[in-house]
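Chemist:
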């Protein structure tokens, strides 16, 4: 049997497998330790409600949102927040099952699709930040709390176009030095709050193009497509 599991190098599937092996009691039964990101860290990053709570504790804004576990809850949340809204299924890879809902006619079918896509049958119904800049940071932290910034990245398209469908440039092109420094400091606070201690971590922020307001969209405590881009752009062999 393995002594330890390093889920951060297995992509989204690696995180999901580690999480559900723990839920099933398999890791405890065989005494397997998770390293890099423990189960609590994975839950804080991947469970949308826990992620929101963690960000609120450190004072970082997230878009207004709520968790829906069924169709009725999702419709009520969308009506309260106001359309358009973003649907983000929990524990999913690369935006799978997610969508932007612009009107009531498409709300229920897209919501049901998102619920069916999530392995835990949960969807974050989130305020839209369409048109904001989408900025990413690739960071690494070790168990001694040393943190380095691999690079910043900026999507050519604004929020509303999925990262996987957008041109991304590294380093970020339109941030001021102050904005970039502030986002790096926020990134460090987020990594410490989630408690990731090994492997690359990708953080995604939305920045208002006029007033500079910042909200965090998500964190990926794993090697991702962005990690590969950061590696190619900087020469750091992280992916």
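Numbering (this note's numbering), first residue to last: 1 to 239. Even for Gly, the Cβ is constructed at its ideal location relative to N, Cα and C. If you're wondering where the values come from, they're calculated on a predicted model, not measured in any experiment.
1) Does residue 89 come out as helix, strand or coil in the three-state DSSP assignment?
2) So residue 127 is in the beta strand (DSSP E); what residue range does that whole segment cover?
3) Quick check on this structure: which residue in 36, 148 and 21 has the alpha carbon closest to the alpha carbon of residue 29?
4) By the three-class DSSP mapping on this structure, what secondary structure does residue 282 have?
5) Could you check where the beta strand (DSSP E) with residue 66 kicks off and where it finishes?
6) Going straight from the alpha carbon of residue 36 to that of residue 159, what length do you get?
7) For the alpha helix (DSSP H) holding residue 137, just list the boundary residues, first then last.
8) Could you check which residue in 84, 214, 137 and 90 has the C-alpha nearest to that of residue 234?
9) Could you check how far apart the C-beta atoms of residue 64 and residue 127 are, in whole angstroms? I think they sit under 8 Å.
10) Shortest alpha-carbon distance to residue 185 belongs to which of 133, 211, 216 and 239?
11) Count the other C-beta atoms from every protein chain shown that fall within 10 angstroms of the C-beta of residue 156, then say buried if there are 16 or more, exposed otherwise.
12) Give me the residue from 7, 47, 11 and 2 with the minimum Cα distance to residue 31.
13) In the DSSP assignment, find the unbroken beta strand (DSSP E) run with residue 152 in it and report its ends.
14) Roughly how many angstroms separate the alpha carbons of residue 113 and residue 144, rounded to a whole number?
15) For the structure I just gave you, are there three or more beta carbon pairs, one from the region 45 to 62 and one from the region 100 to 110, closer than 8 Å?
16) At a cut-off of 7 Å, is residue 144 close to the ligand FAD when judged by its beta-carbon and the heavy atoms of the ligand?
17) I need the straight-line Cα distance from residue 90 to residue 219, nearest angstrom please.
18) Using CA coordinates, which residue listed in 79, 5 and 151 is at the minimum distance from residue 170?
19) Can the beta-carbon of residue 238 be found closer than 8 Å to that of residue 227?
20) Measure from the alpha carbon of residue 59 to the alpha carbon of each residue in 190, 140 and 146, then state which is nearest.
Modeler: A quick look at the data gives this:
1) Taking the chain shown and counting its residues from 1, one reaches residue 89 at position 89. Three-state result, residue 89: strand.
2) Locating residue 127 in the chain shown gives position 127, where the first residue counts as 1. Element bounds for residue 127: 123 to 127.
3) Locating residue 29 in the chain shown gives position 29, counting from the first residue. Taking only the C-alpha atoms, the option nearest residue 29 is 21.
4) Any question about residue 282 goes unanswered here, given that the chain covers just 1 to 239.
5) Here the question's residue 66 lines up with position 66 in the chain shown. Looking at the DSSP string, the run of the beta strand (DSSP E) that includes residue 66 is 65 to 68.
6) The count along the chain shown starts at 1 and reaches residue 36 at position 36. The count along the chain shown starts at 1 and reaches residue 159 at position 159. Those two C-alpha atoms are separated by around 30 Å.
7) Position 137 of the chain shown holds residue 137. No alpha helix (DSSP H) contains residue 137, which is instead part of the beta strand (DSSP E) from 133 to 141.
8) Working through the chain shown from its first residue, we reach residue 234 at position 234. Checked all of 84, 214, 137 and 90; the closest Cα to residue 234 is 137.
9) Reading the chain shown from its first residue, position 64 is the one you call residue 64. Reading the chain shown from its first residue, position 127 is the one you call residue 127. Indeed, because the Cβ distance is near 4 Å, the residues count as touching under 8 Å.
10) Here the question's residue 185 lines up with position 185 in the chain shown. If we check each option's Cα against that of residue 185, 216 comes out closest.
11) As a position in the chain shown, residue 156 is number 156, starting the count at 1. Counting Cβ neighbours within 10 Å, residue 156 comes out exposed, since fewer than 16 surround it.
12) Start at 1 with the first residue of the chain shown, and residue 31 comes out as number 31. Closest option to residue 31, Cα to Cα, is 2.
13) Here residue 152 refers to the residue found at position 152 of the chain shown. Looking at the DSSP string, the run of the beta strand (DSSP E) that includes residue 152 is 147 to 155.
14) For this step, residue 113 is matched to residue 113 along the chain shown. For this step, residue 144 is matched to residue 144 along the chain shown. The alpha-carbon of residue 113 is positioned some 42 Å away from that of residue 144.
15) no
16) Although the ligand FAD was asked about, the structure shown includes no ligands whatsoever.
17) Position 90 of the chain shown, counting from 1, holds the residue named residue 90. Position 219 of the chain shown, counting from 1, holds the residue named residue 219. Taking the straight line joining both Cα atoms gives about 12 Å.
18) Here residue 170 is taken as the residue at index 170 of the chain shown, counted from 1. Measuring from the Cα of residue 170, the nearest candidate turns out to be 151.
19) If you number the chain shown from 1, residue 238 lands on position 238. If you number the chain shown from 1, residue 227 lands on position 227. Cβ distance < 8 Å, so residue 238 and residue 227 count as in contact.
20) Taking the first residue of the chain shown as position 1, residue 59 is located at position 59. It is 190 whose Cα lies nearest to the Cα of residue 59.
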